[in-house]
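Note sheet for the following structure.
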Amino acid sequence: MANPLHALGYRFLNTSLHGDSPDSENPGRLSRRGFMLLAASLSSCSAAGPPKPPPSGAVKTTSNSNYRTPPIHGPVPRNPDMALGSEFSKSSGVTFSRVLVSGNYVAMTFDDGPHPQNTPRLLDILRARNIKATFYVIGRSVDLYPKIVRRTVAEGHEMGNHTHTHRLLSKLSDSEVRLDLSRCRDAVERAAGVHMRTMRPPYGGLLQRQRELVHAEFGYPTILWSVDPLDWKRPGPSVVTSRILSGATSGGIILSHDLHAPTVDAMPATLDGLLRRGFKFVTVSQLLAMKTATATAQAAVTPANY
Ligand code: NI
């Protein structure tokens with residue numbers, strides 16, 4: 005049977021995606037306390053400290069299996085191949101915060117994972133709705149939870165590079181930027197055997213000159229966002245939902261964080277609300293591939309705490 009990931013343009017390396025084999029490349033497991041300390045030490049998107057366990061009344065995943073992620077017509081983008089380059093990424097533009105498309109398509113994006121509890125819970129919610137999303141992962145966490153990354157890829161979601169250490173890249177030298185991106189790239193390749201196609205800079209902070217360097221050397225367009233629910237401030241799930249529903253527009257790229265339990269709590273109502281409004285979900289690369297010839301909308305965004 006044809007692997008559906010090929011239809012998404014994933015290029016496979018040697019790693020099995022199905023996670024049956026032990027994590028021989030997993031360099032070591034941290035205790036939960038170790039993880040919490042590590043998470044606290046990250047220059048996290050959150051001003052609210054390390055991730056908390058999910059609330060006792062965990063959100064029920066409702067079944068909404070009628071929805072199908074739409075098929076993508078036209079050329080399917082290939083992953084950037086570091087050796088061969090990528091026509092897709094070269095022709096796609098350097099920076100996007102939304103994409104001009106015809107049709108009610110949006111891309112849900114989730115940053116700062118994988119998280120040992122929240123990401124699997126989110127994957128269940130997405131799977132119940134047949135929705136594909138894009139995960140901008142931190143390489144350091146990928147090394148801790150490679151099985152979650154394998155599951156994410158196996159379920160048809162797209163991975164994006166959010167650097168290895170989540171530092172503000174605009175303060176770093178070119179060689180430090182290269183190192184932080186390549187370490188995340190290598191971690192995802194080790195974990196799931198796929199190349200990432202796009203990157204999102206932590207805090208949205210990347211100088212224009214750096215964006216061009218990253219595009220030229222890694223083939224990554226810089227992906228920002230058109231909708232920001234400020235979920236890292238933990239305003240409560242209903243506020244996250246209403247901000248996303250009021251901000252979503254055709255071609256939009258919606259920012260949120262699977263690092264935070266309340267964000268995942270907000271997702272059933274958010275996704276169902278978007279579905280009711282007629283939105284169709286695609287990954288970021290799929291959205292870029294749908295770009296109409298007229299040009300890219302590059303809405304101004306103010307880099308902040310992401
Ligand atoms: Ni982030």
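Residue numbers (the numbering used here): 5 to 310.
Glycine included, every Cβ here is placed at the ideal spot set by N, Cα and C.
Every value quoted in this text rests on a predicted model; they were computed, and no experiment measured them.
Item                                                                                                  : Value
Alpha helix (DSSP H) segments (min. 4 residues) lying fully within the segment 234-294                : 241-251, 265-280, 288-293
Per-residue burial, residue 290 [other beta carbons within 10 Å of its own, 16 or more giving buried] : buried
Identified DSSP bridge partners for residue 115                                                       : 140, 261
Any non-hydrogen atom of the ligand MN closer than 6 Å to residue 115 Cβ                              : What this structure holds is the ligand NI, not the ligand MN.
Given residue 216 as reference, the closest of 116, 254, 174, 246 once Cα atoms are compared          : 174
Proximity of residue 153 and residue 146 at Cβ, strictly below 7 Å                                    : yes
Residue 15 to residue 263 span [Cα, whole Å]                                                          : Residue placement at residue 15 is poorly supported in this model, since its pLDDT is 46, which falls under 50; the coordinates still yield a value, given next. Going from the Cα of residue 15 to the Cα of residue 263 covers about 27 Å.
Residue 162: first and last residue of the uninterrupted beta strand (DSSP E) it sits in              : 162-165
Residue from 226, 120, 194, 185 whose Cα sits closest to the Cα of residue 292                        : 226
Pair within 7 Å by beta-carbon distance, residue 204 and residue 143                                  : no
Contact test: residue 239 Cβ vs the ligand NI heavy atom, cutoff 6 Å                                  : no
Residue 118 CB to nearest heavy atom of the ligand NI below 6 Å                                       : no
Under the three-state DSSP convention, the category residue 135 falls into                            : coil
Assigned secondary structure, residue 204 (DSSP; H/G/I helix, E/B strand, else coil)                  : coil
Reduced DSSP category for residue 102 - H, G, I as helix; E, B as strand; rest coil                   : strand
First and last residue of the uninterrupted alpha helix (DSSP H) at residue 190                       : 178-196
Assigned secondary structure, residue 226 (DSSP; H/G/I helix, E/B strand, else coil)                  : strand
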